[in-house]
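If you're matching positions, the sequence shown starts at 1 in the UniProt record's numbering and goes up one per residue.
First up is the structure itself, then whatever we jot down about it.
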Amino acid sequence: MATVPTADVSTKDQLSLAYTPGVAEVCEAIAADPALTRHYTWVPNTVAIVTDGTAVLGLGDIGPAAAMPVMEGKAVLFKQFGGVDGIPICLATTDVEEIIETVVRLAPSFGGINLEDISAPRCFEIEDRLKEALDIPVFHDDQHGTAVVTLAALVNALKLTGRSVESTRVVISGAGAAGVAIAKILLAAGVKDIAVTDRKGVVSSDRTDLTPSKKALAELTADQCGRRGTLAEAFDGADVYIGVSGGTVPEEVVATMADDAIIFAMANPNPEVHPEVAHRHARVVATGRSDFPNQINNVLAFPGIFRGAFDVHASAITEGMKVAAADALAALVGDDLSEDLVIPSPFDPRVGPAVAAAVADAARRDGVARI
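See below:
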């Protein structure tokens, strides 16, 4: 990680322009019209990568200092795959109010906010309130990056298995950040039959132990299609399983899925259903690991999403922009579509530009583009 200047400062004249006295003219212009920060500063291409270190990878609550290497890695990916300048910010607080207040105060220095590795359910409130408070994109990648890539892979898997989005029955294990976002983007894409499960079974309103966020999730998903009961009952006859929970699903439960099933077991390092087991009962299998085909990797999404949002100075990232990103990713596979290739490689040079263009177009359609 380093800051690299984009202007040469090797002469006295250049120094006088880059700093005093020349910089004063730029300051006065921005003071008169704050919108000029988009033209004269790095703000419009800069994203704050904000964490409190409470949900880092599979390591859990390791604190802000130990989270820094992950945030630095994220910044590298933003630059490499999206041309976006990422600045890691690791906060020494887990208090929701303090996090929100801090980010709001820092926001004038950035074109967007990427929330990272903040534990559920706090992450939902933090993101929602920051979206309300700020007029720049706010995006919790653990939720929405995962959801976008999952939808892209699912679109192609459904093509292979001859299913329509509307008639597909989906089970999601994990009612945390990723599971909730996946459920919501699938609903936005037209999936009607979704059961989300946690350790106690299907998240449905007949349960008396639901948190407010899980109650809201139940009303959107299981309550709409009458799903109730255990994980095993949810699996019986399901077309698609999406795992973002960890733990292991017994093979005898997996075996009850519909013919030509689709299994996305995305826990790292140990998928909920090992690919060897999954292939015995499913036609299309994806994981979160790079050593198996069809890796569901967030890097396919977040660089291009922010690139597209920044290109049109978007005031937010809408559900329509996320779905557009997923559709763009899915389309890149094209005629190469097969059981072992339902999602493009992160190293495909078309990925970032395609996602960015789709997101920018969607921002214009959704009325959040400012240029």
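No residue lacks a Cβ here, since even glycine has one placed at the ideal position from N, Cα and C.
To the nearest angstrom, how far is the alpha carbon of ALA29 from that of PRO275?
59 Å
Where does the unbroken beta strand (DSSP E) through SER16 begin, and where does it stop?
SER16 -> not in any beta strand (DSSP E); alpha helix (DSSP H) instead, spanning 12-18.
Look up LEU220 in the DSSP assignment and say whether it is helix, strand or coil.
helix
How about PHE302 and ASP117: are their beta carbons less than 8 Å apart?
no
Beta-carbon gap between MET71 and THR51 smaller than 8 Å
yes
Less than 7 Å separating the Cβ of VAL104 from some heavy atom of the ligand GDP?
Of the ligands one can find in the structure shown there are none, so the ligand GDP has no counterpart to examine.
Give the list of continuous alpha helix (DSSP H) stretches no shorter than 4 residues that lie fully inside the region 320-356.
none
Quickly, what does DSSP pair THR197 with across the bridge? List them, please.
SER173 and VAL202
I need the straight-line Cα distance from residue 372 to LYS159, nearest angstrom please.
Look at the range of the chain in this structure, 1 to 371, and you will see that residue 372 is not part of it.
Is the distance from the Cβ of ALA258 to the Cβ of ALA286 below 8 Å?
no
C-alpha gap between VAL277 and ALA356, whole angstroms:
36 Å
Assigned secondary structure, ILE88 (DSSP; H/G/I helix, E/B strand, else coil):
Note that residue 88 is Pro in the sequence shown here, rather than Ile. Three-state result, PRO88: strand.
From LYS200, GLY174, ARG169 and VAL203, residue whose alpha carbon lies closest to that of LEU187:
ARG169
Test item: CB-CB of VAL254 and VAL284 under 8 Å
no
Taking Cβ positions, are ILE371 and HIS281 nearer each other than 8 Å?
no
According to DSSP, simplified to helix, strand and coil, what is ILE182?
helix
Please classify VAL26: does DSSP put it in a helix, a strand, or coil?
helix
Exposure label - PRO269; buried when at least 16 CB within 10 Å
exposed
I'd like to check one pair, VAL244 with ILE172: are the Cβ atoms closer than 8 Å?
yes
Straight-line gap, ASP85 to VAL47 (C-alpha atoms, nearest Å):
6 Å
Span separating the alpha-carbon of ALA55 from that of ILE263:
25 Å
Considering only DSSP beta bridges, list what GLY60 is partnered with.
VAL56
Rounded to whole angstroms, what is the Cα-Cα separation between PHE124 and GLU132?
13 Å
Drop a sphere of 10 angstroms on the beta-carbon of ASP135, count the other beta-carbons inside from all chains shown, and report buried for 16 or more, exposed for fewer.
exposed
8 Å Cβ shell around SER338 - same chain, five flanking residues per side excluded:
LEU160
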